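Novice:
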Amino acid sequence: MSFYVSDLDGTLLDQQGKLAPSTRAGLLQLLDQGLTFTVASARHVSSIRQILGDLPLRLPVISSNGAYISEMASGRHELVHAIEPALSQAVFALIRQHGLMPFISTHGPKGDQLFYQSVHNEAQQAFVDERKRNADPRLRHTARLQDELGTPAVTFVVVDREGPLAALQAAIDELCGDAVETHLAEDLYKPDWPWLTVHDRRATKDQAIKTLAERYGLQEREVVVFGDHVNDIKMLRAAHRGIAVANAIAAVKDEAHQVIGPHHEDSVLRFIDADWKR
40 MSFYVSDLDG
50 TLLDQQGKLA
60 PSTRAGLLQL
70 LDQGLTFTVA
80 SARHVSSIRQ
90 ILGDLPLRLP
100 VISSNGAYIS
110 EMASGRHELV
120 HAIEPALSQA
130 VFALIRQHGL
140 MPFISTHGPK
150 GDQLFYQSVH
160 NEAQQAFVDE
170 RKRNADPRLR
180 HTARLQDELG
190 TPAVTFVVVD
200 REGPLAALQA
210 AIDELCGDAV
220 ETHLAEDLYK
230 PDWPWLTVHD
240 RRATKDQAIK
250 TLAERYGLQE
260 REVVVFGDHV
270 NDIKMLRAAH
280 RGIAVANAIA
290 AVKDEAHQVI
300 GPHHEDSVLR
310 FIDADWKR
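Just so we're aligned, residue 40 is where the sequence shown starts under the working numbering, counting upward by one.
In structure tokens:
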């Protein structure tokens with residue numbers, strides 16, 4: 040038996056970042072028949088819940104690139120991997136030294152919060168606007184981001200042009216070594232404005248899948264994963280079978296055991312349907 044895990048944006052979702060009605064209907068049918076399936080996304084669980092809605096996932100979802108393992112229906116976290124406080128302060132200082140301003144998600148006594156101080160380009164504004172439009176309960180404006188770092192930081196997100204972000208990524212990697220995980224990736228919905236994300240070193244999709252398998256007695260199952268971008272590479276390497284969609288970046292296809300059709304043609308659903316029934 041197999042245990043299936045899919046990325047969302049650029050993989051399971053359509054070009055508008057939605058779950059197509061045909062994908063939803065197909066997954067509902069397979070889940071009803073006993074399919075073992077969940078998702079692993081860079082999105083927060085609140086955003087995943089908004090997209091997947093009433094999909095009856097029996098397993099928790101992996102969110103924020105593996106920083107959280109969460110029950111989708113309630114949003115309750117089973118596991119949280121935050122960055123060490125001293126390291127968070129050092130990362131924030133480095134971001135500011137590079138003349139950039141991050142968004143910072145935290146997890147503490149007040150739950151999950153997403154702080155921003157100011158916006159400096161159209162992509163950062165779009166980031167804030169989208170979360171306001173979707174009534175993201177975490178979003179908070181603050182006069183001084185550093186004042187919020189008393190609460191454990193889970194993710195730093197910096198949105199800018201590739202050059203400044205690549206330089207910042209190199210500086211963070213040099214400062215922190217393998218204590219953090221960094222990803223520099225194109226925003227599928229706003230080209231030319233990539234995101235640099237910084238997480239704790241334990242916050243990766245492959246580690247979260249391993250934890251999930253251990254907690255839910257799935258260690259004997261074959262793990263089949265689907266992805267398209269840089270944050271999916273480690274889980275493709277760790278899976279028994281890593282499947283890339285046709286629109287995946289070259290580095291993901293290089294790691295994949297198989298390349299299927301593009302994300303907007305129900306390719307993941309079609310593969311799972313045929314593979315699971317077989």
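The C-beta atom is built at its ideal place from N, Cα and C for all residues, glycine as well.
Values in this document were obtained by computation on a predicted structure and should not be read as measured data.
Only counting the same chain, and skipping five residues up and downstream in sequence, which positions put a Cβ closer than 7 Å to that of Tyr155?
Specialist: So the qualifying residues of the chain are Phe142, Val167, His180.
Novice: Report yes or no: do three or more beta-carbon pairs, one from the stretch 160–176 and one from the stretch 187–194, lie closer than 8 Å?
Specialist: Result no; under three Cβ-Cβ pairs closer than 8 Å.
Novice: Closest to Asp175 by C-alpha separation, out of His159, Gln152, Ala182, Val196, would be which residue?
Specialist: The shortest C-alpha separation from Asp175 is found at Gln152.
Novice: On the DSSP bridge list, what partners appear for Gly147?
Specialist: Partner(s): Gly150.
Novice: If you pair each beta-carbon of the stretch 267–274 with each one of the stretch 286–302, do three or more pairs fall below 8 Å?
Specialist: Enough Cβ pairs lie closer than 8 Å, so yes.
Novice: Find out if the Cβ-Cβ distance for the pair Glu294, Ile272 is shorter than 9 Å.
Specialist: For Glu294 and Ile272, yes; Cβs fall inside 9 Å.
Novice: Determine the contact status of Val263 and Val78, defining contact as a CB-CB distance below 9 Å.
Specialist: No.
Novice: Just checking my contact of Val197 with Ile122 at CB under 8 Å: how many whole Å lie between their CB atoms?
Specialist: The pair is not a contact, with the Cβ atoms about 14 Å apart (cut-off 8 Å).
Novice: Give the secondary structure of Gln55 by DSSP, where H, G and I count as helix, E and B as strand, and everything else as coil.
Specialist: Coil at Gln55, not helix or strand.
Novice: Mark Lys244 as exposed unless 16 or more other C-beta atoms lie within 10 angstroms of its C-beta, in which case mark it buried.
Specialist: Counting Cβ neighbours within 10 Å, Lys244 comes out buried, since at least 16 surround it.
Novice: Jot down the residue ranges of each uninterrupted beta strand (DSSP E) in the stretch 57–112, minimum 3 residues, whole runs only, in chain order.
Specialist: Runs found: 76–78, 100–102, 107–109.
Novice: Apart from the five residues on each side of it in sequence, which residues of its chain come closer than 6 Å, Cβ to Cβ, to Leu118?
Specialist: Result list for Leu118: Ile108, in chain order.
Novice: With a 10 Å radius around its C-beta and 16 neighbouring C-beta atoms as the bar for buried, classify Met140 as buried or exposed.
Specialist: Buried.
Novice: Is Ile282 helix, strand or coil when you go by DSSP?
Specialist: Note: Ile282 maps to strand in three-state DSSP.
Novice: Here's the rule I'm using: 16 or more other beta-carbon atoms within 10 Å means buried, otherwise exposed. How should Pro95 be labelled?
Specialist: Answer is exposed; the Cβ neighbour count stays below 16.
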